[in-house]
Amino acid sequence: MLNQDANQEFEKLLNILREKYPNEDLDMVKLAYEFAANAHQGQKRKSGNDYIIHPIITAKFLAELKMDIATIIAGLLHDVPEDTAVTIEDIKKNFGKEVATLVAGITKLGALKYRGIERYAENLRRMFVAMSNDIRIIIIKFADRIHNLKTLEYLPPEKQLRIATESLEIYAPIADRLGIGKIKGELEDLSFKYVHPADYKWIMEILPKKYKAKERYLEKVKKRVAKKLLESSITLENISIHGRTKHLYSLYKKLIRPHINRDLSKIYDLIALRIIVPTVADCYSALGVLHNLYRPMPGRVKDYIAQPKPNGYQSLHTTVFTESGEIVEFQIRTIDMHEAAEFGIAAHWNYKENKGSINKKNTKWIEELVKWQKQIQDNEQFLHDIKLDIFQNRIFVFTPKGDVIDLPETSTPIDFAYHVHSSIGNQCVGAKVNDHLVSLDSKLKSGDIVEIITDKNRKKPGMDWLESAKTTMAKNKIRSALNKSRNPIQNIRSYKKSSER
Ligand code: MN
């Protein structure tokens with residue numbers, strides 16, 4: 004006999020599915036619920052709830068992300084092989100190969116025996132392998148983790164801190180790299196209070212007062228801008244106030260930057276106005292209307308439509324001075340851009356959309372990661388490199404042909420050259436950034452157009468390039484090129500040294 008709470012929760016899931024997938028046959032979903040409920044029969048969560056509530060809520064989150072039906076079913080079944088007598092083979096017989104593969108993938112990610120740094124590294128490695136097999140596995144894992152974070156209060160403090168730290172340092176950066184703003188935000192905000200309790204308390208104290216005043220003011224600005232946009236015959240899909248209170252941790256990270264120095268009044272985008280219009284052309288028209296109405300703050304206009312962020316994010320951003328001198332940030336985007344910002348890579352599995360239509364460019368880094376984690380056996384080294392190359396802030400620069408290359412902040416033309424190809428790196432003799440010659444150790448900025456000047460006669464990198472390069476990838480390639488020609492180099496160098504004396 005299934006319990007009432009679970010049935011109610013499952014009914015909510017069905018309602019979301021009926022609304023989002025009106026033509027889909029939901030019999031398999033119902034079957035999966037019964038199957039999981041039977042398997043978890045008698046098991047309880049630490050909160051005292053019947054266990055089955057957890058997979059239902061996990062599946063509900065996936066439905067809200069508009070994931071496909073196979074993913075929803077796998078969400079319902081995700082803890083079955085680990086916690087019950089049912090096997091992957093049983094799942095395959097009942098629900099088919101696709102669902103079984105997803106559930107097997109999540110099970111493999113499962114509980115780790117390791118502790119400390121070993122655990123951390125092993126966890127990352129498994130995540131990357133799962134991602135390269137099927138991104139949906141990681142998205143189910145995110146949904147699972149978000150519900151676990153929501154019920155973290157029932158666990159002992161030591162476990163709370165471990166799970167929250169892992170979510171903040173591993174899960175959230177991966178969600179960000181995959182462009183899933185909705186998941187990244189939830190993971191961060193749910194973990195924040197456990198990892199930095201004092202700072203969380205501080206923000207909760209200073210924020211509300213400031214926020215309320217600004218919100219009232221923005222209501223007026225919103226009306227005025229909406230009126231102007233409609234007068235200029237731009238169709239306005241939506242204009243809304245978007246608050247950073249929904250993303251406390253990202254606000255916190257901004258506040259602790261040195262030049263902000265915990266001064267809330269220096270955060271201009273505490274609340275932003277978000278304008279959604281039908282087409283890209285409308286985005287630029289709307290920007291024109293805004294700048295006609297209010298004076299833009301120099302250097303704060305950002306065109307992420309022409310130059311998307313590395314994770315695919317697109318919008319126009321501008322910060323303006325209103326008539327009373329208030330500073331207000333605007334974000335202008337189309338509906339598609341808005342969905343992409345919320346759902347990122349998850350949007351590729353949205354109902355009705357083609358499977359496998361994933362932009363290879365956006366997932367190539369995952370394959371590189373898998374190769375890389377195999378190469379680096381030492382866990383400490385692996386973590387160090389990952390933090391530097393993957394989870395650090397990224398910049399995006401362009402080749403002269405307009406291809407986007409995404410690199411960690413503080414990268415140099417050397418990193419760029421090796422990112423394009425080892426031979427370009429090894430034969431590099433100079434670089435132009437935005438048509439100007441620059442030194443090989445100069446720092447690149449987002450939006451730079453980088454051209455590498457090569458010389459076929461050049462056979463090996465310069466010795467000092469190891470210092471100019473910032474990425475592990477470039478450093479490794481430089482080292483291996485230097486090693487190949489080690490003896491000759493050493494000979495030449497010692498010869499030079501002696502002759503210089
Ligand atoms: Mn679970």
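Residue numbers (our numbering): 4 to 504.
For each residue, glycine too, the CB sits at the ideal point set by N, CA and C.
Keep in mind it's a predicted model, so treat the numbers as computed, not measured.
- The beta carbon of P313 is closer than 7 Å to those of R397, F399, D409 in its chain, skipping five residues each way along the sequence.
- Just so you know, the alpha carbons of M70 and V436 end up roughly 42 Å apart.
- In terms of side-chain proximity, the C-beta atom of P58 is found nearer than 8 Å to a non-hydrogen atom of the ligand MN.
- Separation of E12 and R48 (C-alpha to C-alpha, rounded to the nearest whole angstrom) is 15 Å.
- In the three-state DSSP reduction, I259 falls in the coil class, being neither helix nor strand.
- Excluding five sequence positions before and after P299, the CB atoms of its chain that fall closer than 6 Å to its own CB belong to T321, V323, given in chain order.
- Taking the Cα of I259 as reference, the smallest distance to any Cα among A42, N241, I149, D202 is reached at D202.
- In the same chain as A420, and ignoring 5 residues on each side of it, the C-beta atoms closer than 6 Å to its own belong to I427, G428, C431, I455, in chain order.
- For K480, the uninterrupted alpha helix (DSSP H) run begins and ends at 475-487, by DSSP.
- Rounded to the nearest angstrom, the gap between the Cα atoms of R180 and T168 is 18 Å.
- Out of K204, E101, D192, the CA that lies nearest to the CA of I140 is found in E101.
- Not one heavy atom of the ligand MN lies closer than 8 Å to the C-beta of T87.
- With a cutoff of 8 Å, N52 does not count as near the ligand MN, since its C-beta is closer than that to no heavy atom of the ligand.
- When the Cα atoms are used, S318 and H150 turn out to be separated by approximately 30 Å.
- H424 and A434 have their C-alpha atoms spaced approximately 15 Å apart.
- From the listed residues H245, R461, I379, the smallest Cα separation to E125 is found for I379.
- Going by beta carbons, A39 and A88 fall outside the 9 Å limit.
- Under the three-state reduction of DSSP output, Q317 falls in the coil class, being neither helix nor strand.
- Non-local C-beta neighbours of K187 in its own chain, meaning closer than 7 Å and more than five positions away in sequence, comprise A175, A178, D179, ordered along the chain.
- Shortest gap from the CB of N151 to any heavy atom of the ligand MN: under 8 Å.
- A direct Cα-to-Cα measurement between L372 and A472 gives close to 19 Å.
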